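K.L.:
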Amino acid sequence: MTGSELRSGQVADAAGVTVQTLRYYERRGLLASPRRSPGGHRLYPAEAVTLLRVIRTAQRLGFTLAEVADLLAAGRHRQGGRRHAGLRTRAGEKLAEVERKLADLTVIRDTLRAAVSAGCDDLVACAANSCCPLPFAELADRDGGAGNS
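full-length UniProt numbering puts the first residue of the sequence shown at 1, with every later residue one more than the last.
1. How is GLN43 classed by DSSP in three states: helix, strand or coil?
2. For LEU22, report the span of its beta strand (DSSP E) as first-last.
3. Nearest-angstrom Cα distance between PRO45 and LEU31?
4. Is there a Cβ from chain B that is less than 8 Å from the Cβ of GLU97?
5. Specify, as a first and last residue, the run of the alpha helix (DSSP H) that LEU112 falls within.
6. Can you give me the C-alpha to C-alpha distance between GLY40 and THR89, rounded to a whole angstrom?
7. Report all residues from its chain with a CB closer than 8 Å to the CB of PHE75; omit the five preceding and five following residues, and keep chain order.
8. At which residues does the alpha helix (DSSP H) containing LEU123 begin and terminate?
9. Does LEU6 come out as helix, strand or coil in the three-state DSSP assignment?
10. Rounded to the nearest angstrom, how far is the Cβ of LEU72 from that of VAL17, given a contact under 8 Å?
11. From the DSSP secondary-structure annotation, give me the bridge partner or partners of ARG35.
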């Protein structure tokens with residue numbers, strides 16, 4: 001083992017992941033398969049720690065593992081001179097998605113606050129009351145009266 005190579009446990013500890021996560025990322029192709037020592041131990045380059053931190057950070061920002069894989073591939077292709085949608089484009093798309101979710105969550109929060117303030121205790125009784133803040137009628141109209149079974 002050279003000074004710049006780390007075993008699985010060392011990489012996982014340094015990156016704040018488990019060894020199982022490390023191996024899962026390998027299976028998913030997010031992390032290259034490491035070389036093996038003569039004794040069969042996985043040996044990772046020190047850069048693997050940075051890559052794992054990048055993957056975890058991207059996940060915390062809302063990117064799926066498939067999206068992370070695409071971002072990593074785009075970065076590799078960009079270095080080869082080919083142009084692909086990179087982080088800026090994909091981060092902009094993710095930001096728009098997050099902003100849509102925040103708008104939806106804001107409506108949900110405000111509606112639930114109104115229901116709590118109105119003292120709604122019974123969904124059926126509340127739905128029959130014209131003063132109920134929950135949007136039963138609006139949702140039924142929007143769904144065409146179809147229920148979600």
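All residues carry an ideal CB built from backbone N, CA and C; glycine is no exception.
Please read all numbers here as calculations on a predicted model, not as lab measurements.
P.N.:
In terms of the structure at hand:
1. Locating residue 43 in the sequence shown gives position 43, where the first residue counts as 1. Rather than Gln, the amino acid found at residue 43 in this sequence is Leu. It is a strand residue.
2. By 1-based counting over the sequence shown, the position of residue 22 is 22. Secondary structure note for LEU22: it is in no beta strand (DSSP E), and the uninterrupted alpha helix (DSSP H) holding it is 19 to 28.
3. In the sequence shown, residue 45 corresponds to position 45, counting from 1. In the sequence shown, residue 31 corresponds to position 31, counting from 1. Going by the C-alpha atoms only, they are around 11 Å apart.
4. Here chain B cannot be found, since the structure has a single protein chain.
5. Indexing the sequence shown from 1 puts residue 112 at position 112. Per DSSP, LEU112 belongs to the alpha helix (DSSP H) from 87 to 118.
6. Numbered from its first residue, the sequence shown carries residue 40 at position 40. Numbered from its first residue, the sequence shown carries residue 89 at position 89. Distance between the alpha carbons of GLY40 and THR89 is about 41 Å.
7. Against the sequence shown, residue 75 aligns to sequence position 75. Residue identity check: residue 75 is Gly in the sequence provided, not Phe. Around GLY75: GLY86 and LEU87.
8. Position 123 of the sequence shown, counted from the start, is the residue given in the question as residue 123. Per DSSP, LEU123 is one residue of the alpha helix (DSSP H) stretching across 123 to 128.
9. By one-based count along the sequence shown, residue 6 stands at place 6. In the structure shown, LEU6 adopts extended strand secondary structure according to DSSP, grouped into three states.
10. For this step, residue 72 is matched to residue 72 along the sequence shown. For this step, residue 17 is matched to residue 17 along the sequence shown. Separation of the CB atoms of LEU72 and VAL17 is rounded to 16 Å, and the pair is thereby denied contact status at 8 Å.
11. Within the sequence shown, numbered from 1, the residue matching residue 35 stands at position 35. Beta-bridge pairing links ARG35 to LEU43.
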